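There are 2 protein chains.
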Amino acid sequence: MRERIRITYEFALAEGESPEAGARRIALEQTVELPDGCYPDRIEEAVVARVEELEALAENRCRAALSFAPALVGNEVPQLLNVLFGMVSLLPATRVVEFELPDGLLRRYGGPRFGIEGIRAACTNAAGRPLLCTSAKPVGLSAAELAAICGALARGGIDVVKDDHGVADQATAPFAERVGRCSEAVQRANEASGGSTLYFPNVTSPVTELFDRVATAKAAGCRGVLVSPFATGLDTLRWLAENSGLIVLVHPTFSGALYHADHGVSLPVLGRLLRVLGSDGVTYVNAGGRFPVTEQECHAVNDSLRGPLGSLRPALPVPGGGMDVDRAAYWTERYGVDTMFLIGSSLYAQGDLEVASRRLVDAVTGAAG
Amino acid sequence: MRERIRITYEFALAEGESPEAGARRIALEQTVELPDGCYPDRIEEAVVARVEELEALAENRCRAALSFAPALVGNEVPQLLNVLFGMVSLLPATRVVEFELPDGLLRRYGGPRFGIEGIRAACTNAAGRPLLCTSAKPVGLSAAELAAICGALARGGIDVVKDDHGVADQATAPFAERVGRCSEAVQRANEASGGSTLYFPNVTSPVTELFDRVATAKAAGCRGVLVSPFATGLDTLRWLAENSGLIVLVHPTFSGALYHADHGVSLPVLGRLLRVLGSDGVTYVNAGGRFPVTEQECHAVNDSLRGPLGSLRPALPVPGGGMDVDRAAYWTERYGVDTMFLIGSSLYAQGDLEVASRRLVDAVTGAAG
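Spelled out as structure tokens, the structure:
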């Protein structure tokens with residue numbers, strides 16, 4: 000049983016520095032932030048990260064697996080981020096490539112409260128096929144206009160209709176009015192067609208508003224919400240999972256600031272972090288769309304969300320972009336049915352959202368059959 | 000008077016793409032996130048970002064100044080981040096290099112509530128010279144041990160003694176006990192020596208704890224706090240400035256994830272953002288220390304913190320690293336007296352913190368004389 004936090008970094012060695020010295024430098028930087036000998040001996044044992052594995056890489060780089068005492072985190076998400084990639088984020092060409100938590104911390108954060116199974120249980124019409132998700136947009140439309148879009152998408156059979164991440168509480172469609180109208184439009188469509196579409200409002204908001212927005216969403220009958228945790232702070236995700244009682248779908252806006260070829264936090268590590276903190280579904284930009292992501296990276300993200308992780312539930316991968324009627328069979332075969340495809344532009348470009356949605360649902364159902 | 004948000008991006012053009020087409024692509028990505036023609040005409044005028052300036056750069060890159068309607072942000076910090084670097088963060092080699100807000104939004108966020116003048120008014124012994132700041136560390140020490148360090152630093156005349164950013168609410172030094180003991184140690188030192196040292200506890204915490212930690216800090220007589228907004232979420236910084244009544248000193252842990260040579264948010268833009276949201280002092284890693292930052296970048300950060308910015312107060316630059324007794328004159332001459340130097344390792348390495356602190360205060364006083 001894992002008892003320490005384990006984080007693997009790839010980083011640039013200083014001029015003439017050995018891998019051992021480099022790894023020790025990182026271990027100090029991420030914990031005591033003091034040179035050797037400037038702290039009591041017992042701190043070495045209790046606090047300083049241990050170098051568990053070490054590998055020299057090409058171009059004067061190095062990969063080091065370090066382990067940290069869980070007590071450093073003390074259960075708090077900001078401290079977890081600090082241990083994960085705090086001061087070393089400021090060093091040159093330094094990357095987090097692996098990240099494992101002890102069972103105690105996994106249980107503490109708890110992971111997805113619904114996960115794939117919980118989302119499927121709510122979307123009764125999607126059995127045996129990948130799920131489909133579409134945003135009501137763009138920002139600037141009125142609440143009534145957005146509700147009309149939600150209704151059309153629901154009548155067309157889209158499983159999860161969500162607010163666009165750019166739609167928050169702007170004057171054009173204030174949160175409470177929008178959530179009421181959109182939720183009602185989706186419920187009405189479900190009643191008329193026997194559908195099981197869910198509407199997830201965007202609760203991304205100032206720290207003092209989040210609680211009210213969740214309460215408003217619940218009062219309107221919503222089963223889940225959308226949040227952009229890289230804009231709100233990752234601890235709000237933990238809070239939502241622990242306290243909202245709602246399915247939590249995560250949007251990746253701003254997250255691209257965090258990863259780069261040789262610096263930052265790798266995509267699968269971000270995916271795992273989001274799952275640990277309680278994401279039921281994780282939206283990411285898919286390969287083959289307008290973003291520079293490889294299919295291999297997407298598979299790694301899917302694995303981090305769906306693969307074994309202590310006692311935590313699997314989270315639903317939600318690749319966005321690159322998906323349309325013609326590609327339904329391809330992506331279903333690549334990613335499997337326990338995936339939710341986020342489709343936007345290719346539906347909007349067809350004009351009639353209801354008809355376009357129904358065609359896509361049929362294509363995905365056929366592809367999974 | 001500026002009426003729109005203006006953000007300048009540098010980004011990679013797609014194969015064969017003109018700068019005009021690239022800038023239009025970014026403008027759509029950051030607002031409607033839909034292709035041309037998939038939204039009503041009035042949305043083009045009201046919502047889509049406008050391309051204000053355009054310049055082709057070497058290596059198939061481009062610089063484009065876009066302007067956005069303030070209504071897109073609706074006053075909320077997460078939406079500001081979304082507009083600043085939301086979806087485009089996920090595009091290849093894309094960087095925010097300039098960022099200007101209309102007066103209305105500047106006033107709404109309010110900037111530093113104390114700023115340089117307010118911090119100086121509290122540090123009465125530091126008139127006419129740069130201020131000095133040191134962290135009590137490392138994490139793992141008890142509250143009593145940390146308080147003893149705070150007392151020694153205060154007797155030595157350090158102006159601001161702060162918690163280490165890695166010290167939060169761990170079992171070894173629980174927040175309330177630590178803040179009480181450290182604050183008392185500093186007050187006692189001030190009374191004995193006629194000093195004016197301030198103690199800033201680290202209130203970086205889960206979203207639901209922040210309010211209590213601030214209350215505890217105030218009850219203990221603290222005049223300011225430390226926060227790591229890249230770990231808590233930037234909106235907590237806005238909340239602290241608006242509601243705490245305390246001097247807010249910002250720590251950069253995790254922020255290095257956000258900037259790179261060709262991607263992310265540039266250091267001066269981050270500095271400006273932190274000032275707008277209410278940082279009274281901004282800690283950053285100094286040139287000449289153990290981090291890869293140039294002196295030119297540090298000057299740009301200093302300018303973003305101290306230069307004119309609507310009606311907002313100047314914020315105090317707090318360069319960390321690379322500073323010791325021998326370098327006091329150099330850095331004072333380079334950055335000016337309205338700077339606070341964060342010094343850690345070079346004091347701790349000398350063993351007797353009180354003596355080492357006094358020597359440094361004398362050196363800085365001499366350098367400014």
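These protein sequence lines map, in sequence, to chains Z and D. Heads up, the first sequence is in numbering that gives the first Met the number 0, so the first residue is 0 and it goes up one at a time. Heads up, the second sequence is in numbering that gives the first Met the number 0, so the first residue is 0 and it goes up one at a time. Don't be surprised by glycine CBs; every beta carbon is placed ideally from N, CA and C. It should be emphasised that the depicted structure is a prediction, and the values quoted were computed from it without experimental measurement.
| query | result |
| --- | --- |
| When Z:Leu236, Z:Arg180, Z:Ala188 and Z:Val249 are compared against Thr215 of chain Z, the one with the closest alpha-carbon | Z:Arg180 |
| Distance cut-off 7 Å: Cys297 of chain Z Cβ against heavy atoms of the ligand GTP | As for the ligand GTP, it is missing from this structure, which has no ligand bound. |
| DSSP-derived helix/strand/coil call for Glu19 of chain D | helix |
| Three-pair Cβ contact test at 8 Å for the stretch 7-18 of chain Z versus the stretch 77-94 of chain Z | yes |
| Cβ shell of Glu203 of chain D (< 8 Å), same chain only, five flanking positions each side left out | Going by the sequence as given, residue 203 of chain D is Thr instead of Glu. So the list reads His164, Ala167, Leu225, Val226, Ser227, Ala230, Thr231 and His250, once near-sequence residues are dropped. |
| Reference Glu205 of chain D, options Z:Glu28, Z:Leu80 and Z:Asp351, closest by Cα | According to the sequence as given, residue 205 of chain D is Pro; it is not Glu. Per the Cα distances, Z:Leu80. |
| Range of the contiguous beta strand (DSSP E) that encloses Tyr258 of chain D | It is not in any beta strand (DSSP E) - Tyr258 of chain D carries neither H nor E in the DSSP assignment. |
| Helix, strand or coil at Val292 of chain D [DSSP, three-state] | coil |
| Contact set between Glu32 of chain D and chain Z, taken where Cβ atoms lie within less than 9 Å | Ser134, Lys136, Pro137, Val138, Asp163, His164, Gly165, Gly343 and Ser344 |
| Proximity test, Cβ basis, 8 Å: Ser88 of chain Z and chain D | yes |
| Beta bridge counterpart(s) of Thr282 of chain D as assigned by DSSP | D:Val317 |
| Contacting residues, own chain, Cβ-Cβ under 7 Å from Ser254 of chain Z (five flanking each side not counted) | Phe229 and Leu269 |
| Sequence-distant residues of its chain with Cβ nearer than 8 Å to Glu158 of chain Z (five each side left out) | Correcting the residue identity first, residue 158 of chain Z is Asp in this sequence and not Glu. Cβ within range, chain order: Cys122, Asn124, Ala125, Leu130, Leu131, Cys132, Ser195, Thr196, Leu197 and Met339. |
| Glu97 of chain D: first and last residue of the uninterrupted beta strand (DSSP E) it sits in | Arg94 to Glu99 |
| Length at least 3, wholly inside the stretch 35-75 of chain D: the beta strand (DSSP E) runs in chain order | 49-56 and 60-67 |
| Short Cβ contact (8 Å threshold) for Arg237 of chain D with Leu209 of chain D | no |
| Beta-carbon neighbours of Cys181 of chain D, restricted to chain Z and to distances below 9 Å | Going along chain Z, no residue has its Cβ under 9 Å from Cys181 of chain D, so there is no contact; the nearest lies around 17 Å. |
| Member of D:Glu332, D:Val336 and D:Pro18 whose CA lies at the smallest distance from the CA of Ala57 of chain D | D:Pro18 |
| 9 Å Cβ cut-off: residues of chain Z touching Tyr347 of chain D | Leu33, Pro34, Cys37 and Tyr38 |
| Buried or exposed by the 16-neighbour rule on C-beta atoms within 10 Å, applied to Gln78 of chain Z | buried |
| Range of the contiguous alpha helix (DSSP H) that encloses Asp234 of chain D | Leu233 to Asn242 |
| Chain D within 8 Å of Ile42 of chain Z, Cβ atoms only | yes |
| Residues of the stretch 67-91 of chain Z with Cβ closer than 7 Å to any Cβ of chain D, in chain order | Ala70, Leu71, Gly73, Glu75, Val76, Pro77, Gln78, Leu80, Asn81, Phe84, Gly85, Met86, Ser88, Leu89, Leu90 and Pro91 |
| Start and end residues, beta strand (DSSP E) containing Val87 of chain D | Neither: Val87 of chain D is in no beta strand (DSSP E) and is coded neither H nor E. |
| Close-in-space but distant-in-sequence residues of the same chain around Leu152 of chain Z (CB under 6 Å, 5 per side omitted) | Thr133, Val160, Leu352 and Ser356 |
| N-terminal and C-terminal residue of the beta strand (DSSP E) that Gly150 of chain D is part of | Run containing Gly150 of chain D: none in the beta strand (DSSP E); it sits in the alpha helix (DSSP H), Ala142 to Arg154. |
| 8 Å contact criterion, which Gln29 of chain Z and Val82 of chain Z should meet: CB distance rounded | 6 Å |
| Minimum Cβ-Cβ distance from Gln295 of chain Z to chain D less than 8 Å | no |
| Under the three-state DSSP convention, the category Thr331 of chain D falls into | helix |
| Cross-chain neighbours of Asn262 of chain D in chain Z, by beta carbon under 7 Å | Here the sequence assigns His to residue 262 of chain D, which means Asn is not the residue at that position. Within 7 Å Cβ-Cβ: His259. |
| Chain Z within 8 Å of Ala256 of chain D, Cβ atoms only | yes |
| Proximity below 8 Å, CB of Phe113 of chain Z to CB of Asp279 of chain Z | yes |
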